[in-house]
Amino acid sequence: MPYREGIGVTLKGLFGGEAVYKKIWEQRKQRSPRRSAGAPGLNCLVLGGGGREYAIAWRLANCNSVTTIDAVPGNAGLSLFTRVIDQSPDNVSWLDEHVLASFIDLAIVGTDELVAAGIGDALRRSGIAVVGPSKDASKVEWSKSFGKEIMAEAGVATARSESFADAGAAKDALARWDAPVVVKADGLALGKGVTIARTLEEAIEILASPPANSGRVLLEEVLEGDEVSLQALVDGETVVALPPARDHKRARDGDTGPNTGGMGAFSPTAVLPDDQAQAVADTVIAPVAAVLAKRGTPYRGVLYAGLMKTADGWKVLEYNARFGDPEAEVTLPRIEGDFAKLLLALGEGRLAEYVAAEPIRFSKRAYVDVVLCAENYPGPPKTGMAVLGLDRLPENVLAFHGATKRNATGDVIVGGGRVMHIVASGDSIAEARDRAYAGAERVTFEGKFYRSDIAQQEVAVA
-5 MPYREGIGVT
5 LKGLFGGEAV
15 YKKIWEQRKQ
25 RSPRRSAGAP
35 GLNCLVLGGG
45 GREYAIAWRL
55 ANCNSVTTID
65 AVPGNAGLSL
75 FTRVIDQSPD
85 NVSWLDEHVL
95 ASFIDLAIVG
105 TDELVAAGIG
115 DALRRSGIAV
125 VGPSKDASKV
135 EWSKSFGKEI
145 MAEAGVATAR
155 SESFADAGAA
165 KDALARWDAP
175 VVVKADGLAL
185 GKGVTIARTL
195 EEAIEILASP
205 PANSGRVLLE
215 EVLEGDEVSL
225 QALVDGETVV
235 ALPPARDHKR
245 ARDGDTGPNT
255 GGMGAFSPTA
265 VLPDDQAQAV
275 ADTVIAPVAA
285 VLAKRGTPYR
295 GVLYAGLMKT
305 ADGWKVLEYN
315 ARFGDPEAEV
325 TLPRIEGDFA
335 KLLLALGEGR
345 LAEYVAAEPI
355 RFSKRAYVDV
365 VLCAENYPGP
375 PKTGMAVLGL
385 DRLPENVLAF
395 HGATKRNATG
405 DVIVGGGRVM
415 HIVASGDSIA
425 EARDRAYAGA
435 ERVTFEGKFY
445 RSDIAQQEVA
455 VA
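Residue numbering for the sequence shown follows our numbering, starting at -5 and increasing by one per position.
(1) From Lys178, Gly378 and Glu321, pick the residue whose C-alpha is nearest to that of alanine 402; which is it?
(2) I think threonine 232 touches leucine 345, with their Cβ atoms under 8 Å apart; what is that distance to the nearest whole Å?
(3) Which residues in the same chain have their Cβ closer than 8 Å to the Cβ of glycine 256, if we skip the five residues on either side of it in sequence?
(4) The alpha helix (DSSP H) that contains leucine 345, what's its start and end?
(5) Would you mind reading off the limits of the alpha helix (DSSP H) that contains valine 455?
(6) Is the separation between the beta-carbon of isoleucine 324 and that of tyrosine 361 shorter than 8 Å?
(7) Between the Cα of alanine 191 and the Cα atoms of Leu212, Lys399 and Ala183, which residue gives the shortest distance?
(8) Keeping to the same chain, check which residues put their C-beta closer than 7 Å to that of proline 36; ignore five residues upstream and five downstream.
(9) Within a Cβ cutoff of 8 Å, which residues of the same chain sit near alanine 481, ignoring the five residues on either side of it in sequence?
(10) Classify valine 455 as buried or exposed, calling it buried when 16 or more other Cβ atoms lie within 10 Å of its own Cβ.
(11) Might you give, ordered along the chain, the residues of its own chain that have their beta carbon closer than 8 Å to the beta carbon of alanine 226, omitting 5 neighbours on each side?
(12) Check whether the Cβ atoms of isoleucine 102 and glycine 126 lie closer than 8 Å to each other.
(13) Just to confirm the assignment, what range does the beta strand (DSSP E) spanning phenylalanine 443 have?
(14) Please specify which runs of the beta strand (DSSP E), each continuous and at least 3 residues long, are wholly inside the segment 347 to 428, giving them in chain order.
(15) For the segment 249 to 301, which segments carrying the beta strand (DSSP E) assignment without a break, of at least 3 residues, lie completely within its bounds, in sequence order?
(16) By a C-beta neighbour count over all protein chains shown, 10 Å radius and 16 as the cutoff for buried, is arginine 154 buried or exposed?
(17) Would you tell me roughly how many angstroms separate the C-alpha atoms of methionine 302 and threonine 291, rounded to the nearest one?
(18) What are the boundary residues of the alpha helix (DSSP H) that includes tryptophan 308?
(19) Determine, using beta-carbon pairs with one atom in the segment 378 to 394 and one in the segment 349 to 356, whether at least three such pairs fall under 8 Å.
(20) Taking 8 Å as the limit between beta carbons, can you name the residues of its chain near isoleucine 113, skipping five residues before and five after?
(21) Whose C-alpha, out of Ser208, Ser223, Ala284 and Lys142, is nearest the C-alpha of glutamate 516?
(22) Is serine 157 buried or exposed, if buried means 16 or more other CB atoms sit within 10 Å of its CB?
(23) Give me whichever residues DSSP pairs with alanine 178 in a beta bridge.
(24) In whole angstroms, give me the CA-to-CA distance for valine 124 and arginine 294.
(25) Helix or strand or just coil, what does DSSP make of glycine 43?
(26) Compare the Cα-Cα distances from phenylalanine 75 to each of Leu54, His92 and Val93 and report the closest residue.
(27) Using CA atoms only, rank isn't needed, just tell me which of Val176, Ala206 and Gly404 is closest to leucine 311.
(28) Note down, in chain order, each residue of its chain lying with its Cβ closer than 7 Å to the Cβ of valine 265, except the 5 sequence neighbours on either side.
(29) By Cβ distance, which residues of its chain are closer than 8 Å to leucine 217, with the 5 residues on each side in sequence left out?
(30) So who's on the other strand from alanine 123, going by DSSP bridges?
(31) Taking the beta carbon of arginine 429 as the centre, do at least 16 other beta carbons fall within 10 Å, making it buried, or is it exposed?
(32) What three-state label does DSSP hand threonine 62 in the structure shown?
(33) Report buried or exposed for alanine 426, applying the criterion of at least 16 other Cβ atoms within 10 angstroms of its Cβ.
(34) So for arginine -2, helix, strand or coil by DSSP?
(35) If you measure between the beta carbons of alanine 197 and alanine 161, is that distance less than 8 Å?
(36) According to DSSP, is glutamate 91 part of a helix, a strand, or is it coil?
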């Protein structure tokens, strides 16, 4: 079974410092992959290799209940404190063998592609706890038109929209729409499938280009207000809200440039305070969970609602069937208690029982994530350049690896578009923001760029 061992470096953590990583590796050497069945502690499997999966694994590493963590396929940073296994995470036959051979107790399906491919279903057939919905339940993300159908049945407020079989049909219907108008690709598009057309002529151009020209497409009214990301753990009809966050989707300052997977995020936010999160989740997530359960496709995983706070109240923009990226990077550090046990309860279908005994709590610390991107992102990124300065981060600042790899000599190099998440904490958003940007300046690679206005508006109104 091919895997890459971690390397000896000094890391600064926000919870347990370098000791937690040493603990994980000592336990790995002693117990996995050939530990005896029933040995104490959880063996965890994280599927994916971006910043979100790094955040998940990092948070698991800070749990006393965790013995080992495997990351498939992982990234350069995950090799510091997990076993990074060089396999395709959608190889179901290999996953079956690995779950058995490594005594995996808990698996977390990280990416939208893996969720949509039904990897959660395959893992559940292995008899382990899985955080990740079934393929049928996750259709709320991978088909925007299906998501709208479920919202209508659930009575959840959302934008007016029309769904079309293809871009040609949508183009023919533009005459009955006023600009601006939102053009949405129906399927998965790496966070780049939604574009606001300021004129109908611009809408025609968008419909003629990928991803809108590749299948079913939606036209939708433009909502005005403040956008918020609200993630929740969903176990059938049990819904537990996580800390709200706000992200920045456009590539350039001032919310200009093309859409991306996310250029940065922060939590908490005054737009949706922590103490209101559960009430909002009960309004915009719980009804959808109830409809899915009624249809015979109960949801078990993370359901993330993109929300707009309008003059008429909260409206749902769309749902995602996994942790957000970059939202996970700023919300998971704020969840107190044993995160692994919380996810295990979700994966085993006993979330309600667990949170009744151990209510979820959020840290009052603020977190800001500034994403360092490769040249030409969100287009085809320039890769292969050395990433330097990771050993020079300030206190209370971490580098959550995204698209990173190691070259033949073990050096960290750029492996894709969103290379590094510089995650900082502070007593306020302003303090965390200053620290994140100080860290962003110290990490260097050729062609690096990032937005300079992450969380700026939140600081301005604080």
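A virtual CB, placed ideally from N, CA and C, is assigned to each residue, including glycine.
Well, looking at it:
(1) Gly378
(2) 5 Å
(3) In its chain, beyond the 5 residues on either side, Gly185, Asp241, His242, Lys243, Gly318, Asp319, Pro320, Glu321, Val365 and Arg412 have a beta carbon closer than 8 Å to the beta carbon of glycine 256.
(4) Going by DSSP, leucine 345 is part of the alpha helix (DSSP H) stretching over 345 to 351.
(5) Boundaries of the alpha helix (DSSP H) around valine 455: 450 to 455.
(6) In the sequence as presented, isoleucine is not what sits at residue 324; that position holds valine. Their beta carbons are under 8 Å apart, which means valine 324 touches tyrosine 361 by this criterion.
(7) Leu212
(8) A small correction: the amino acid at residue 36 is leucine; proline does not occupy that position in the sequence shown. The answer, listed in chain order, is Ser59, Val60, Thr61, Asp99, Leu100, Ala334 and Leu338.
(9) This structure cannot settle anything about residue 481, because the visible part of the chain is limited to -5 through 456.
(10) exposed
(11) Val233, Val234, Ala235, Leu236, Ala275, Ile279, Val296, Leu297, Tyr298 and Ala299
(12) yes
(13) No beta strand (DSSP E) holds phenylalanine 443; DSSP gives it neither H nor E.
(14) 360 to 367, 391 to 395, 398 to 400, 406 to 408 and 412 to 420
(15) 250 to 253 and 258 to 261
(16) exposed
(17) 27 Å
(18) Segment 307 to 314 is the beta strand (DSSP E) holding tryptophan 308; no alpha helix (DSSP H) there.
(19) When C-beta atoms of the segment 378 to 394 are compared with those of the segment 349 to 356, fewer than three pairs fall below 8 Å, so the two segments do not count as touching.
(20) Leu41, Pro83, Asp84, Val86, Leu89, Val103 and Gly126
(21) Only positions -5 to 456 of the chain appear in the structure, and residue 516 is not among them; the question remains open.
(22) Serine 157 should be labelled buried.
(23) This sequence places lysine at residue 178; alanine is not what is there. DSSP output for lysine 178 lists Val188 and Leu212 as bridge partner(s).
(24) The alpha-carbon atoms of valine 124 and arginine 294 are separated by roughly 8 Å.
(25) Note: glycine 43 maps to coil in three-state DSSP.
(26) Leu54
(27) Val176
(28) Asp220, Val222, Arg240 and Lys303
(29) So the qualifying residues of the chain are Ala153, Met302, Thr304, Lys309 and Leu311.
(30) Leu100
(31) Counting the other Cβ atoms within 10 Å of the Cβ of arginine 429 gives 16 or more, which makes it buried.
(32) DSSP places threonine 62 in strand when its eight states are reduced to three.
(33) Residue environment for alanine 426: buried (at least 16 other C-beta atoms within 10 angstroms of its C-beta).
(34) Residue confidence is low: arginine -2 scores 35 on pLDDT, short of 50, so the model does not pin down where it sits. No coordinate-derived value is stated.
(35) no
(36) helix
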